[in-house]
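Residue numbers (the numbering used here), protein chains in the order written: chain A, 1 to 553; chain B, 1 to 68. The beta carbon of each residue, even a glycine, is placed where N, CA and C say it ideally should be. Given the structure is predicted, the values throughout are model-derived calculations rather than measurements. Take a look at the structure below.
As structure tokens, then:
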């Protein structure tokens, strides 16, 4: 090769590298953009003092009860007819904020939001330090690939929708992710040193226990970790599984005794819900359509590890949680049930691309010097394509509106407010665009929504009693008792596990001055007596849903 | 010395789990423990999963003593 030819090749290589870096820069820009949108939505939610998602208020009530030293697993058949169906760990984490600042929605929303950032950081760390990800050790971590994998988790429509809510689900995902990444590192260190890493393994078990006592759904990740341990250290897996079960059972029995059996009834019996196959299939299709890159690459990399090298904990985690995502078809479940699978697929995609880039660099040194840059550019293009699949953006400010239009997206969608207890309403323009479809989640609440919530609370204060309300926020704002947890009552009613006599008698006697309905999640006998003894006095729209405020007939 | 399972052992385990799960699902149906008569859509999905488990297990058997 002449010196001129070598110089020409070097120029080509430099140009290709420059172009690849530009594409990586664009991909990072896209995902940082999603992160800013996510944070904007989160900040708007921190300032909103009512339920944004039905159920948030009940998580706040659980936190308030725990902050006073009371259990939220109570006798739901007696006034105020309240009990919780969620384990307490997440609420216990929020308790210090409630002690310090009072019972505000932002406390739990902030904790969950920060939890998603920790999850993203853990995903990035797993991609940046691929030890424990299978056979062979890539030579170096790539900060940009780690950043893309972590930010891609936050850019998922599903994570965006529920990430800053006062809900425990994504806090569970954080604990699961950190536990799995720790497991990978512990095993890698053990295999490298030849010495058992007891402290590390104990940390993994503590994180899994915390995840399980945040939300029951963590059982899939717990199973995945023990399957991995069984593949590598069968005897130890059995011994530690027995220990783990014993500790879990001990805590379970302890809480059950302390709550006179209400823990078992409310966290187990009330969670046996109808399975709707159509809902599960629809959500699987949507998840795949929105996360195609991660779904395909993660599945291919897991299959590669299954047949061509050793299975990593990440591959097992992805496979087990993907199968478990079928539980999204349960009544009351939804898109958030894919969150753990999304985290696992982000890790696997980052690791797979890291492996691909390593191979390209090896080949580039020996044969094609353009290959590393071409591969890097290809990976960046795939991330850009994935960014286009998850498009979501509020368009309530001129700048965001212009950005949406510049990206070839509509500036708003026409959508009718959701109704249940009132007549349908015509569609109105909603300043929010979402490739998952515009529903109730994702659009930042406005000052009009806050005023609507305050109006409902003012209507409660016109009466003497607490409102019989489908959401907790209005009574909390008005300083009245929180009465009922409708979905919990409905679940128990469907399982023939609740006696509604006292509640029906109070409604029949019009003991509540105000009844507030949203989606009519109460058991049928309750709705029946409400219909007979109360009538709609005012319809108020908040967060795209029409609430019915009812008074005695 | 290798402490973990081999690909063949993993394959056998998956086949056993798939067959066991399918047997359990059919037994539940035969004993009438399900909510409705016949194999429902949820059971069909679970049976499909069990069949997939058996299939994946069988493909692992020829991989022999390589670590799983």
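query	result
Just checking: is the beta-carbon of residue 12(A) within a distance shorter than 8 Å of some beta-carbon in chain B?	no
Starting from residue 435(A), follow the alpha helix (DSSP H) in both directions and report where the run begins and ends.	Neither: residue 435(A) is in no alpha helix (DSSP H) and is coded neither H nor E.
Nearest by alpha-carbon distance to residue 488(A): which of 499(A), 396(A) and 184(A) is it?	499(A)
Closer than 8 Å, CB to CB, is residue 17(B) near chain A or not?	no
Scan the segment 320 to 347 of chain A for residues whose Cβ lies nearer than 9 Å to a Cβ of chain B and list them as they occur along the chain.	323, 326 and 329
With a cut-off of 8 Å, does the C-beta of residue 14(B) fall near any C-beta of chain A?	no
Three-state secondary structure (DSSP) at residue 1(B)?	With a pLDDT of 44 at residue 1(B), under the threshold of 50, the modelled position of this residue cannot be trusted; read the value that follows with caution. Here residue 1(B) sits in coil by DSSP.
If I measure Cβ to Cβ from residue 543(A) and keep anything under 7 Å in the same chain, skipping five residues before and after, which residues do I get?	52, 440, 445 and 449
Under a CB-based cut-off of 8 Å, is residue 275(A) close to chain B?	yes
What would DSSP say about residue 82(A), mapped onto helix, strand or coil?	coil
Does the CB of residue 556(A) have a neighbour CB from chain B at under 8 Å?	The requested residue 556(A) is not part of the displayed model; chain A covers only 1 to 553.
Using the beta-carbon count (16 or more within 10 Å), is residue 456(A) buried or exposed?	buried
Any contact of the segment 355 to 370 of chain A with the segment 186 to 201 of chain A, i.e. 3+ C-beta pairs under 8 Å?	no
Strictly under 8 Å for the Cβ-Cβ distance: is residue 30(B) near chain A by that measure?	no
Report yes or no: is there a C-beta of chain B within less than 8 Å of the C-beta of residue 310(A)?	yes
Starting from residue 535(A), trace the alpha helix (DSSP H) in both directions and tell me its first and last residue.	Premise fails: residue 535(A) lies in the beta strand (DSSP E), 534 to 542, not in any alpha helix (DSSP H).
Would a check of beta-carbon distances place residue 42(B) closer than 8 Å to chain A?	yes
Leaving aside the five residues before and after residue 224(A) along the sequence, list all residues of the same chain whose C-beta is less than 6 Å from its C-beta, in chain order.	316, 317 and 320
Under three-state DSSP, which class holds residue 465(A)?	coil
Can you have a look at residue 57(B) and say buried or exposed, based on whether 16 or more other CB atoms are within 10 angstroms of its CB?	buried
For residue 31(A) versus residue 170(A), is the C-beta spacing smaller than 8 Å?	no
So which residues of chain B does residue 201(A) contact, with C-beta pairs closer than 7 Å?	Here the premise fails: no neighbours, minimum Cβ distance about 15 Å.
Can you tell me which of 214(A), 273(A), 275(A) and 230(A) puts its alpha carbon nearest to the alpha carbon of residue 252(A)?	214(A)
Please go through the same chain and pick out, in chain order, the residues whose beta-carbon is closer than 7 Å to the beta-carbon of residue 254(A), but skip the five residues on each side of it.	none
Under the rule that 16 or more other beta-carbon atoms within 10 Å means buried, what is residue 414(A), buried or exposed?	exposed
I believe residue 130(A) touches residue 354(A) by the beta-carbon criterion, under 8 Å. Please report the beta-carbon distance rounded to the nearest angstrom.	6 Å
Which of the three DSSP states is assigned to residue 73(A) in this structure?	coil
Which full runs of the alpha helix (DSSP H) of 4+ residues lie inside the segment 270 to 307 of chain A, going along the chain?	277 to 290
Please confirm if residue 245(A) has its CB atom under 8 Å from at least one CB of chain B.	no
Does DSSP classify residue 392(A) as helix, strand or coil?	strand
For a contact defined as C-beta to C-beta under 9 Å, what are the partners of residue 307(A) on chain B?	7, 59, 60 and 63
Using the C-alpha atoms, what's the distance from residue 126(A) back to residue 376(A)?	19 Å
Have a look at residue 112(A) and residue 395(A) and give me their C-alpha separation to the nearest angstrom.	24 Å
Quick one: is residue 231(A) near chain B, going by C-beta distance under 8 Å?	yes
Any Cβ of chain A within less than 8 Å of the Cβ of residue 21(B)?	no
Grab me the residues of residue 401(A)'s own chain with a C-beta within less than 6 Å of its C-beta, minus the 5 sequence neighbours each way, in chain order.	395 and 411
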